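Everything on this sheet refers to the single structure shown next.
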Amino acid sequence: MNLTGFATAESTSRLGERRQGVFHERRRPLYEGGPLVSLVGFGTYRIGFSPGLGHPECREALEYALLRGVNLIDTSTNYGNGQSELLIGQTLAALVSNQTLARDNVVLVSKAGYAQGNTLELVQQREREGRPFDSVFKFGSDLWYCLDPEFIIDQLERSRARLGVQCLDVFLVHNPEYMLKAYEHNNIPLEKARSDFYAQLQKCFLALEKSVAAGHLRAYGVSSNTLGSTSDDPAAVSLQLLIDCAQRVSAQNSFRVVQCPLNWIEVNPVAIESADDEDNTLTLARKNGIGVLANRPFNAMHDGGLIRLTRPTVDASTVADDAQRKGLQNWTRLSRDMERLAKEYITIPGYEDASLSQLVLSTLMWQPGLSSVLCGMRKKDYVVDAETATGLPMLVNADQILAQIYQDLEFHKDAN
Ligand SMILES: NC(=O)c1ccc[n+]([C@@H]2O[C@H](COP(=O)([O-])OP(=O)(O)OC[C@H]3O[C@@H](n4cnc5c(N)ncnc54)[C@H](OP(=O)(O)O)[C@@H]3O)[C@@H](O)[C@H]2O)c1
25 MNLTGFATAE STSRLGERRQ GVFHERRRPL YEGGPLVSLV GFGTYRIGFS PGLGHPECRE
85 ALEYALLRGV NLIDTSTNYG NGQSELLIGQ TLAALVSNQT LARDNVVLVS KAGYAQGNTL
145 ELVQQREREG RPFDSVFKFG SDLWYCLDPE FIIDQLERSR ARLGVQCLDV FLVHNPEYML
205 KAYEHNNIPL EKARSDFYAQ LQKCFLALEK SVAAGHLRAY GVSSNTLGST SDDPAAVSLQ
265 LLIDCAQRVS AQNSFRVVQC PLNWIEVNPV AIESADDEDN TLTLARKNGI GVLANRPFNA
325 MHDGGLIRLT RPTVDASTVA DDAQRKGLQN WTRLSRDMER LAKEYITIPG YEDASLSQLV
385 LSTLMWQPGL SSVLCGMRKK DYVVDAETAT GLPMLVNADQ ILAQIYQDLE FHKDAN
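Counting along the sequence shown from 1, when you hit position 414 you're at 438 in the working numbering, and nothing is skipped either side.
This is how it looks when you write it as structure tokens:
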């Protein structure tokens with residue numbers, strides 16, 4: 025069964041009589057004039073039907089989140105080799121069929137660009153048949169990347185089928201900076217790389233506009249790990265140049281959403297003004313009515329490693345392995361230090377007992393211009409935690425608080 029309809033400003037502002045709680049009460053437009061979304065969205069990078077992808081716990085968490093009022097789900101054609109979309113589709117269909125939810129209450133975001141697993145098979149099959157996709161970049165035997173508009177639309181169609189919906193709310197070109205990395209690897213001059221890159225994205229936007237016109241899609245955009253990076257980074261993606269591409273396609277375009285990492289260590293979208301853009305990414309997005317979704321709030325990349333910005337959920341004293349116990353003790357100490365640091369700057373009442381994850385979510389969700397923070401809450405406890413964070417008092421100066429925390433973390437790193 026394909027569910028009809030899509031989320032609108034009107035359909036997402038109706039508070040069901042039985043619906044209470046902060047995920048329902050605290051919502052804001054995904055983009056100017058767009059559907060209202062909860063301040064925290066459900067990230068589905070690692071969910072699916074196998075225990076390795078957290079099943080069945082992840083399904084219960086998703087259902088619980090939807091019932092509590094989380095109404096934004098972020099997925100991708102490559103998450104769990106398509107299983108993430110299938111699981112979301114099945115969960116949504118069950119809730120719609122028993123009339124717990126309506127399709128138009130929920131905003132579905134998916135993405136395309138990666139050729140992995142079954143999608144890699146498809147791209148390779150086309151090569152064997154002598155009708156290869158255009159703009160394919162090969163990064164190894166199990167990871168290719170493709171920016172052919174025909175491929176992007178093929179993926180949109182498969183995404184709609186797996187999610188079981190006639191119309192997707194948002195479809196994003198997924199990490200297109202892979203094209204810039206491929207050019208850099210092949211020593212192609214940066215100026216040509218950037219010119220080809222934005223020309224290729226413009227072709228993708230044109231194809232996505234046709235899907236909007238056909239009623240298969242409401243809005244499109246780009247998700248990029250390098251959105252807002254300074255322009256000395258060869259893989260940097262500029263929001264202003266993306267807006268220019270969409271404008272060239274149509275003055276009435278549906279380029280409405282971007283997505284990028286944002287956490288206490290990766291702050292480019294809020295803090296750094298790139299050479300191309302006078303404003304930082306969030307400010308520029310707000311001025312243009314474009315919504316910004318933040319991802320990886322707790323998974324901060326630093327110096328090629330990962331820092332988890334949560335309290336450990338395992339007690340170190342229960343771990344037998346010496347090295348693991350020491351690692352957990354260090355993590356516990358670091359998380360307590362970071363909580364103390366944040367509380368020096370968050371001085372309004374209500375935050376005295378907040379945990380690290382709640383402090384991280386609060387400082388991000390209240391950034392001016394941010395629509396929602398995507399969180400990998402594949403366990404029910406994580407949904408409860410995000411709900412507690414959403415209910416904490418609004419941080420009116422969240423941008424200053426984040427800048428202060430970031431600067432102090434930098435200080436600690438330099439001192440070590
Ligand atoms: N380029 C892109 O488009 C892109 C890139 C990255 C992410 N995303 C999207 O953004 C979503 C969020 O990113 P993410 O899942 O990578 O990272 P995240 O939200 O920062 O979560 C990282 C991990 O933290 C743990 N966690 C989550 N909530 C917690 C809580 N309340 N307390 C303690 N631990 C918690 C979970 O680990 P365990 O499950 O292992 O316990 C989770 O996998 C993704 O699911 C995806 O939808 C998009």
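All C-beta atoms, glycine included, are put in the ideal place defined by N, C-alpha and C.
These numbers were taken from a predicted model, which means no experiment stands behind them.
Between the C-alpha atoms of GLY57 and GLN353, what's the straight-line distance to the nearest angstrom?
Position 33 of the sequence shown holds residue 57. Position 329 of the sequence shown holds residue 353. GLY57 and GLN353: Cα-Cα distance of roughly 47 Å.
Residues in its own chain within less than 6 Å of ASN277 by CB, not counting five upstream and five downstream?
Position 253 of the sequence shown, counted from the first residue, corresponds to residue 277. Excluding sequence positions up to five before and after ASN277, its CB lies within less than 6 Å of the CB of ALA270, all in the same chain and listed in chain order.
Given GLY188, which residues of its chain have a CB within under 8 Å of its CB, disregarding the five upstream and five downstream residues?
Position 164 of the sequence shown, counted from the first residue, corresponds to residue 188. Cβ neighbours of GLY188 beyond the five flanking positions: MET25, ASN26, LEU27, GLY113, GLN114, LEU116 and ALA117.
DSSP three-state label for PHE73, please.
To locate residue 73, count along the sequence shown from 1; it is residue 49. Residue state, collapsed to three classes: coil.
Name the two residues that bound the continuous beta strand (DSSP E) containing TRP168.
Numbered from 1 along the sequence shown, position 144 holds the residue referred to as residue 168. Secondary structure note for TRP168: its beta strand (DSSP E) is the uninterrupted segment 168 to 170.
Threshold first: 4 residues or longer. Then list the alpha helix (DSSP H) segments lying entirely within the region 56 to 131, N to C.
Those alpha helix (DSSP H) runs which fall completely within the region 56 to 131 and span 4+ residues are 81 to 92 and 107 to 121.
Exposed or buried, what is LEU251 when buried is set at 16 or more other beta-carbons lying within 10 Å of its beta-carbon?
For the purposes of this step, residue 251 is identified with residue 227 of the sequence shown, where counting begins at 1. With 16 or more Cβ atoms within 10 Å of its Cβ, LEU251 is classed as buried.
Which whole-angstrom value is the C-beta distance of THR68 and ASN129, which I expect to be below 8 Å?
Locating residue 68 in the sequence shown gives position 44, counting from the first residue. Locating residue 129 in the sequence shown gives position 105, counting from the first residue. About 17 Å; that fails the 8 Å criterion.
Per DSSP, what are the beta-bridge partners of LEU383 in this structure?
Numbered from its first residue, the sequence shown carries residue 383 at position 359. In DSSP, LEU383 forms no bridge with anything.
Identity of the residues DSSP links to MET279 by a beta bridge
Here residue 279 refers to the residue found at position 255 of the sequence shown. Contrary to the premise, residue 279 reads as Phe rather than Met in this sequence. In the DSSP output, where bridge partners are listed per residue, PHE279 has TYR244.
Using only the alpha-carbon positions, how far apart do PRO53 and SER159 sit?
In the sequence shown, residue 53 corresponds to position 29, counting from 1. In the sequence shown, residue 159 corresponds to position 135, counting from 1. Using only the alpha carbons, I get a separation of about 34 Å.
7 Å Cβ shell around THR307 - same chain, five flanking residues per side excluded
Indexing the sequence shown from 1 puts residue 307 at position 283. Apart from the 5 residues on each side of it in sequence, THR307 sits with its Cβ closer than 7 Å to the Cβ of GLY393 in its chain, given in chain order.
Is it buried or exposed, ASN122, if we count other Cβ atoms within 10 angstroms and call 16 or more buried?
Locating residue 122 in the sequence shown gives position 98, where the first residue counts as 1. Exposed, since its Cβ has fewer than 16 Cβ neighbours within 10 Å.
Start-to-end residues for the alpha helix (DSSP H) that takes in ASP409:
Numbered from 1 along the sequence shown, position 385 holds the residue referred to as residue 409. Here the alpha helix (DSSP H) through ASP409 covers 404 to 415.
Best match in ALA238, THR342 and ASN287 for proximity to ALA422 [C-alpha to C-alpha]
As a position in the sequence shown, residue 422 is number 398, starting the count at 1. Answer by Cα proximity: ASN287.
Going by CA-CA distance only, name the one from ALA410, GLY400 and VAL343 that's closest to SER386.
Numbered from 1 along the sequence shown, position 362 holds the residue referred to as residue 386. Nearest neighbour of SER386 by Cα position, chosen from ALA410, GLY400 and VAL343, turns out to be ALA410.
LEU388 beta carbon less than 9 Å from that of MET362:
Taking the sequence shown and counting its residues from 1, the one referred to as residue 362 is at position 338. Taking the sequence shown and counting its residues from 1, the one referred to as residue 388 is at position 364. Not a contact, by the Cβ cut-off of 9 Å.
Would you report the Cα separation of LEU416 and TYR169, rounded to the nearest angstrom?
Residue 416 sits at position 392 when you count from the first residue of the sequence shown. Residue 169 sits at position 145 when you count from the first residue of the sequence shown. LEU416 and TYR169: Cα-Cα distance of roughly 41 Å.
Report whether the distance from the Cβ of LEU225 to the nearest heavy atom of ligand 1 is below 8 Å.
Taking the first residue of the sequence shown as 1, we reach residue 225 at position 201. No, the beta carbon of LEU225 sits no closer than 8 Å to any heavy atom of ligand 1.
Buried or exposed: which applies to SER359, given that a residue is buried once 16 or more other Cβ atoms fall within 10 Å of its Cβ?
Looking up residue 359 in the sequence shown gives position 335. The residue is buried, with at least 16 neighbouring Cβ atoms inside 10 Å.
Going by other Cβ atoms of all chains shown within 10 Å of its Cβ, with 16 needed for buried, is ALA299 buried or exposed?
For the purposes of this step, residue 299 is taken as residue 275 along the sequence shown, with counting starting at 1. With a pLDDT of 49 at ALA299, under the threshold of 50, the modelled position of that residue is not reliable, and the figure given next carries that caveat. ALA299 counts as exposed, since fewer than 16 other C-beta atoms from the protein chains shown sit within 10 angstroms of its C-beta.
Residue interval of the alpha helix (DSSP H) (run including LEU214):
Your numbering for residue 214 matches position 190 in the sequence shown. Unbroken alpha helix (DSSP H) run through LEU214: 214 to 237.
Contact check, LEU132 vs ASP178 under 8 Å by CB: the rounded distance?
Here residue 132 refers to the residue found at position 108 when the sequence shown is read from its first residue. Here residue 178 refers to the residue found at position 154 when the sequence shown is read from its first residue. No, LEU132 and ASP178 are not in contact; Cβ-Cβ is about 18 Å, not under 8 Å.
Assuming CYS228 and LEU317 form a contact by the criterion Cβ under 8 Å, report the distance between their Cβ atoms to the nearest whole angstrom.
To locate residue 228, count along the sequence shown from 1; it is residue 204. To locate residue 317, count along the sequence shown from 1; it is residue 293. Contact between CYS228 and LEU317 fails: their C-beta atoms lie close to 19 Å from each other, not under 8 Å.
Spell out a yes or no on whether the region 344 to 352 and the region 219 to 238 are touching, meaning 3 or more CB-CB pairs, one atom from each, closer than 8 Å.
No, the region 344 to 352 is not in contact with the region 219 to 238.
Quick one: grab the DSSP three-state call for ALA270.
As a working note, residue 270 is residue 246 in the sequence shown. Looking at ALA270 - three-state DSSP - the assignment turns out to be helix.
Return the first residue and the last residue of the beta strand (DSSP E) that SER35 is part of.
Start at 1 with the first residue of the sequence shown, and residue 35 comes out as number 11. Counted as a single uninterrupted DSSP element, the stretch harbouring SER35 is not any beta strand (DSSP E), since DSSP gives it neither H nor E.
Would you tell me roughly how many angstroms separate the C-alpha atoms of GLU201 and PRO173, rounded to the nearest one?
Residue numbering aside, residue 201 sits at position 177 when the sequence shown is read from its first letter. Residue numbering aside, residue 173 sits at position 149 when the sequence shown is read from its first letter. Those two C-alpha atoms are separated by around 16 Å.
Between GLY67 and ligand 1, is the CB less than 8 Å from at least one heavy atom?
By 1-based counting over the sequence shown, the position of residue 67 is 43. Distances from the CB of GLY67 to the heavy atoms of ligand 1 include at least one below 8 Å.
So is the beta-carbon of ALA217 under 8 Å away from any non-hydrogen atom of ligand 1?
Reading the sequence shown from its first residue, position 193 is the one you call residue 217. Set against 8 Å, the gap from the CB of ALA217 to the closest heavy atom of ligand 1 is not smaller.
Quick check on GLU290: buried or exposed, where buried means 16 or more other Cβ atoms within 10 Å of its Cβ?
Taking the first residue of the sequence shown as 1, we reach residue 290 at position 266. If you draw a 10 Å sphere on the C-beta of GLU290, you find 16 or more other C-beta atoms in it, and that means buried.
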